[in-house]
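Asks:
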Amino acid sequence: MLRFLFDRDTWQEVYDSMSKNKLRTVITMIGVWWGILLLIGLLGAARGMENSFNRLFGDFATNSVFIWGQSTSKPFKGFQEGRRVRLSLTDAKKVEDNVEGIEFVVPRNQNQGKVVRNFLSGSFNVAGDYPLLDVVQKKKMLFGRFINQNDIDNNKKVAVISEDVYKQLFEKDEEPIGAYMQINGMNFTVIGVFDVGNVNMGPSSDIHIPFTTFQQIYNQGDEIGWIMVTGKPEYNIKQIELDAKLLLRTLNKIHPRDNRAFGSFNLGNEFAKITGFLTGMQFLTWFVGIATLIAGVIAIGSILLITVKERTKEIGVRRALGATPFEIKRQIVIEAVFLTLNAGIFGIISGGWILIFLDNKFGQGDDATLVNASVSIAVVFAALLILVVLGTLIGLIPAFKATSVKPIEALREE
Amino acid sequence: MILEIKDLHKSYPIGDSSLHVLKGINLSVKEGEMAAIMGSSGSGKSTLLNIIGMLDEADSGDYILDGLPIKNLTEKKAAVYRNKFLGFIFQSFNLINYKNALENVALPLYYQGMKRKERQEKALFHLEKVGLADWAHHLPKELSGGQNQRVAIARALAANPKLLLADEPTGALDTKTSYEIMEFIQQLNDEGKTILMVTHEEDIANMCKRIVRLRDGVIMEDKVINQVRVEQYA
Numbered sequence: 094m095l096r097f098l099f100d101r102d103t104w105q106e107v108y109d110s111m112s113k114n115k116l117r118t119v120i121t122m123i124g125v126w127w128g129i130l131l132l133i134g135l136l137g138a139a140r141g142m143e144n145s146f147n148r149l150f151g152d153f154a155t156n157s158v159f160i161w162g163q164s165t166s167k168p169f170k171g172f173q174e175g176r177r178v179r180l181s182l183t184d185a186k187k188v189e190d191n192v193e194g195i196e197f198v199v200p201r202n203q204n205q206g207k208v209v210r211n212f213l214s215g216s217f218n219v220a221g222d223y224p225l226l227d228v229v230q231k232k233k234m235l236f237g238r239f240i241n242q243n244d245i246d247n248n249k250k251v252a253v254i255s256e257d258v259y260k261q262l263f264e265k266d267e268e269p270i271g272a273y274m275q276i277n278g279m280n281f282t283v284i285g286v287f288d289v290g291n292v293n294m295g296p297s298s299d300i301h302i303p304f305t306t307f308q309q310i311y312n313q314g315d316e317i318g319w320i321m322v323t324g325k326p327e328y329n330i331k332q333i334e335l336d337a338k339l340l341l342r343t344l345n346k347i348h349p350r351d352n353r354a355f356g357s358f359n360l361g362n363e364f365a366k367i368t369g370f371l372t373g374m375q376f377l378t379w380f381v382g383i384a385t386l387i388a389g390v391i392a393i394g395s396i397l398l399i400t401v402k403e404r405t406k407e408i409g410v411r412r413a414l415g416a417t418p419f420e421i422k423r424q425i426v427i428e429a430v431f432l433t434l435n436a437g438i439f440g441i442i443s444g445g446w447i448l449i450f451l452d453n454k455f456g457q458g459d460d461a462t463l464v465n466a467s468v469s470i471a472v473v474f475a476a477l478l479i480l481v482v483l484g485t486l487i488g489l490i491p492a493f494k495a496t497s498v499k500p501i502e503a504l505r506e507e
Numbered sequence: 002m003i004l005e006i007k008d009l010h011k012s013y014p015i016g017d018s019s020l021h022v023l024k025g026i027n028l029s030v031k032e033g034e035m036a037a038i039m040g041s042s043g044s045g046k047s048t049l050l051n052i053i054g055m056l057d058e059a060d061s062g063d064y065i066l067d068g069l070p071i072k073n074l075t076e077k078k079a080a081v082y083r084n085k086f087l088g089f090i091f092q093s094f095n096l097i098n099y100k101n102a103l104e105n106v107a108l109p110l111y112y113q114g115m116k117r118k119e120r121q122e123k124a125l126f127h128l129e130k131v132g133l134a135d136w137a138h139h140l141p142k143e144l145s146g147g148q149n150q151r152v153a154i155a156r157a158l159a160a161n162p163k164l165l166l167a168d169e170p171t172g173a174l175d176t177k178t179s180y181e182i183m184e185f186i187q188q189l190n191d192e193g194k195t196i197l198m199v200t201h202e203e204d205i206a207n208m209c210k211r212i213v214r215l216r217d218g219v220i221m222e223d224k225v226i227n228q229v230r231v232e233q234y235a
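Protein chains in written order, with the numbering used here: chain A, 94 to 507; chain B, 2 to 235.
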């Protein structure tokens with residue numbers, strides 16, 4: 094059988110019977126070509142979307158939830174409803190110590206600040222932060238560094254500014270590190286400039302200053318704006334959110350079922366939705382691709398069936414000359430496989446071109462919609478394998494049809 | 002005896018009834034014979050040739066080819082026997098239209114599993130024999146009817162069969178070409194080939210050495226004749 098595959102005559106026969114009717118051969122192949130092109134193109138695009146998504150969130154702790162205080166909606170323990178709730182550092186500490194599965198609790202504060210530098214000024218969001226923020230939301234530093242523990246401990250008047258602030262308050266190419274600027278009338282030293290990037294989860298901040306310094310200049314005491322809670326990867330962030338909120342209600346003497354006392358945004362949940370969407374898209378792609386592929390292969394089968402009908406007499410002659418039924422079947426099956434496989438390879442190549450085109454068109458730059466739109470070699474081989482199997486199966490139908498006619502009847506055919 | 006047939010019966014079902022085509026045929030052919038099977042259409046001559054050619058199977062009776070009983074053959078076995086023992090010459094040549102003369106002649110050798118090079122040498126040798134070596138790479142449509150039949154004869158000879166079966170070999174040719182083909186077949190017979198042909202033309206039959214006449218499925222007459230050599234016409 095294997096010797097047969099490497100026999101020049103086998104392929105001569107395939108070539109002869111296909112080149113006999115080139116148009117039919119080409120039309121036959123279109124179905125499979127289209128199917129595999131669709132499969133490769135869509136899978137690559139889906140992968141590109143996933144990659145771009147992963148790039149956007151790559152430096153971000155996605156298994157996280159933001160929680161902030163609002164107003165109570167139920168009276169409890171002598172307090173009336175409508176009481177304003179504010180989180181404190183103690184709350185944050187208790188949450189971190191008592192809720193299961195927590196990785197980090199990052200307390201944050203933010204306020205509006207008037208910033209002046211020389212003759213330029215602007216109003217910006219000023220956030221008080223711990224160095225931990227840089228862990229859960231990796232800051233891309235253009236110059237200098239982010240806030241460190243030393244800044245916190247010494248209530249240092251240092252500021253990390255966004256690229257936008259830098260552009261507004263500094264001359265082009267001016268050295269920002271070590272420069273002074275006034276925030277709400279107080280002098281701060283710039284220690285770093287960060288790139289805002291594409292995605293900024295939670296309220297965006299223009300200027301980060303040490304948390305402790307923020308407490309001082311805004312006279313915040315222990316109160317904090319909101320906390321960002323990140324869960325360990327193996328824990329469900331939804332449960333962490335529920336546990337944390339329940340604990341916070343107890344700590345702040347709020348009715349256990351008062352759902353409005355704390356507001357929250359569960360990033361993990363949103364992220365899971367998008368991931369689910371992407372998975373669904375991949376599934377759909379496979380489904381559509383494989384279905385089209387099957388349709389294409391069936392088209393090959395039916396055209397080969399017609400071919401076999403046309404060649405009834407020829408097959409009869411061959412059998413009169415000594416071709417065994419097996420040899421006839423083998424030849425037809427190999428033709429089917431050859432057609433499917435070639436159409437498939439063309440499809441993969443043109444699918445590749447489409448991906449290259451997509452990459453050129455949508456895959457360039459930092460804010461690309463599709464990043465590295467591609468399919469793995471494993472997928473390509475799997476697709477080819479599927480084609481060989483389907484081609485063989487579909488080829489069996491005309492093959493059996495061809496030998497079902499007795500040679501004597503086949504010879505009588507005109 | 003190269004061919005022995007005893008009490009051969011064959012009938013075809015037609016609707017509810019059946020048509021009895023061959024009603025007890027007895028026929029023996031010796032090596033080197035050249036026999037014509039004659040009869041009007043419906044006499045069963047083609048059916049007989051098809052059974053001898055293992056393209057069809059008898060209902061009952063014995064068929065022994067060169068000492069080998071031909072009975073209950075599988076399709077595969079029949080194909081191997083056809084390839085090994087028989088050479089077919091058809092009325093309509095039955096060459097494969099997208100293969101050139103050489104490839105057509107080499108086809109039985111391909112099914113014998115012969116190596117490509119050897120096969121082509123052998124095919125070319127037989128094409129030379131029928132005088133068409135110069136046309137080896139032409140397609141059937143580029144050749145005349147007589148040339149096509151000669152390619153078909155070369156193909157029938159390629160596998161060096163024990164028996165040549167010709168079904169109206171001159172049926173599609175004009176008289177002049179027919180005689181050329183017959184002259185060639187006579188030469189083959191002179192070289193010792195056993196030839197069995199079906200024809201309904203008296204002049205063609207008279208060029209054989211023996212005439213078997215069939216009517217309604219039985220042999221009416223089976224006689225050895227004085228062969229008319231084609232050269233006599235020239």
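Positions of the beta carbon are idealized from the N, C-alpha and C atoms, including for glycine.
Note down the Cα distance separating Gln113/B from Met39/B, rounded to an integer number of angstroms.
Replies: In a straight line, the C-alpha of Gln113/B is about 33 Å away from that of Met39/B.
Asks: Could you spell out where the beta strand (DSSP E) holding Ala155/B opens and where it closes?
Replies: Counting along the chain, Ala155/B falls outside any beta strand (DSSP E), though it belongs to the alpha helix (DSSP H) covering 146 to 159.
Asks: Would Ala124/B and Ala173/B be called neighbours here (beta carbons separated by less than 8 Å)?
Replies: no
Asks: Roughly how many angstroms separate the alpha carbons of Ser497/A and Ala429/A, rounded to a whole number?
Replies: For Ser497/A and Ala429/A, the distance between alpha carbons rounds to 18 Å.
Asks: Can you confirm whether Ala124/B, when its beta carbon is compared against all beta carbons of chain A, has any partner nearer than 8 Å?
Replies: no
Asks: Which same chain residues, not among the five before or five after Ser514/A, have their C-beta less than 6 Å away from its C-beta?
Replies: This structure does not reach residue 514/A, given that chain A is present from 94 up to 507, and the question cannot be answered.
Asks: Helix, strand or coil, according to DSSP, for Ile391/A in the structure here?
Replies: helix
Asks: Could you list which residues in chain A have their beta carbon closer than 8 Å to that of Asn51/B, in chain order?
Replies: Ile501
Asks: Is Arg412/A close to chain B? Criterion is C-beta to C-beta, closer than 8 Å.
Replies: yes
Asks: What residues are listed by DSSP as bridge partners for Ala167/B?
Replies: When DSSP reads this structure, Ala167/B sits in a beta bridge with Ile90/B, Met198/B.
Asks: Could you please give the first and the last residue of the uninterrupted beta strand (DSSP E) stretch that includes Pro200/A?
Replies: In the DSSP assignment, Pro200/A falls within the beta strand (DSSP E) that extends over 195 to 210.
Asks: According to DSSP, simplified to helix, strand and coil, what is Asn114/A?
Replies: coil
Asks: Give me the Cα-Cα distance between Tyr111/B and Arg117/B, rounded to the nearest whole angstrom.
Replies: 8 Å
Asks: Helix, strand or coil for Lys7/B, going by three-state DSSP, please let me know.
Replies: Assignment of Lys7/B by DSSP, reduced to helix, strand and coil, places it in the strand class.
Asks: For Tyr180/B and Phe91/B, I'd like the C-alpha separation in whole angstroms.
Replies: 16 Å
Asks: Kindly say whether Asp57/B, judged by its beta-carbon, lies nearer than 8 Å to any beta-carbon of chain A.
Replies: Interface residue (Cβ-Cβ distance to chain A less than 8 Å): Asp57/B is classified as such.
Asks: Run through the segment 64 to 110 of chain B for me and flag every whole beta strand (DSSP E) of 3 or more residues, listed as ranges in chain order.
Replies: 87 to 90
Asks: Counting C-beta neighbours from all protein chains within 10 Å, is the total for Glu169/B 16 or more, i.e. buried, or is it exposed?
Replies: buried
Asks: Taking Pro70/B as the query, report the chain A residues whose CB atoms sit under 8 Å from its CB, ordered along the chain.
Replies: Per Cβ cutoff of 8 Å: no residues; Pro70/B is ~20 Å from chain A at best.
Asks: Spell out the partners DSSP gives Pro303/A in its beta bridges.
Replies: Asp222/A
Asks: Check the C-beta distance from Ser467/A over to Leu448/A and give it rounded, since I have them as a contact under 8 Å.
Replies: 6 Å
Asks: Are there three or more Cβ pairs, one per stretch, closer than 8 Å when the segment 215 to 227 of chain B is compared with the segment 60 to 72 of chain B?
Replies: These segments do not touch.
Asks: Using DSSP with H/G/I as helix, E/B as strand and the rest coil, what is Glu58/B?
Replies: coil
Asks: Can you name the start and end residues of the beta strand (DSSP E) that Ile38/B belongs to?
Replies: Element bounds for Ile38/B: 35 to 39.
Asks: Check Ile347/A in the structure and name its three-state DSSP category.
Replies: coil
Asks: Between the beta-carbon of Gln203/A and the beta-carbon of Pro224/A, is there less than 8 Å?
Replies: No, they are not a contact pair.
Asks: Roughly how many angstroms lie between the CA atoms of Leu483/A and Ile212/B, to the nearest whole one?
Replies: Each residue's alpha carbon lies about 56 Å from the other.
Asks: Could you tell me which residues DSSP puts in a beta bridge with Asn508/A?
Replies: Outside the modelled stretch of chain A, which goes from 94 to 507, sits residue 508/A, for which no answer is possible.
Asks: Which stretch, first to last residue, makes up the beta strand (DSSP E) that contains Met221/B?
Replies: 219 to 225
Asks: How big is the Cα-Cα spacing for Gly373/A and Glu256/A?
Replies: 37 Å
Asks: Around the Cβ of Ser104/A, are there at least 16 other Cβ atoms within 10 angstroms (buried) or fewer (exposed)?
Replies: A quick correction: the sequence has Trp, not Ser, at residue 104/A. Flag for Trp104/A reads exposed.
Asks: Could you tell me which residues DSSP pairs with Ala252/A in its beta bridges?
Replies: Val283/A
Asks: Do Asp460/A and Phe169/A come within 8 Å of each other at the CB atom, strictly closer than that value?
Replies: no
Asks: Considering only the alpha carbon of each residue, which of Ala503/A, Gly324/A, Ile300/A lies closest to Ile408/A?
Replies: Ala503/A
Asks: Go through the segment 386 to 446 of chain A residue by residue and report every complete run of the alpha helix (DSSP H) that reaches 4 residues or more, in order.
Replies: 405 to 413
Asks: Using the rule of at least 16 other Cβ atoms within 10 Å of the residue's Cβ for burial, across every protein chain shown, is Phe263/A buried or exposed?
Replies: With a threshold of 16 other beta carbon atoms within 10 Å, Phe263/A meets it and is buried.
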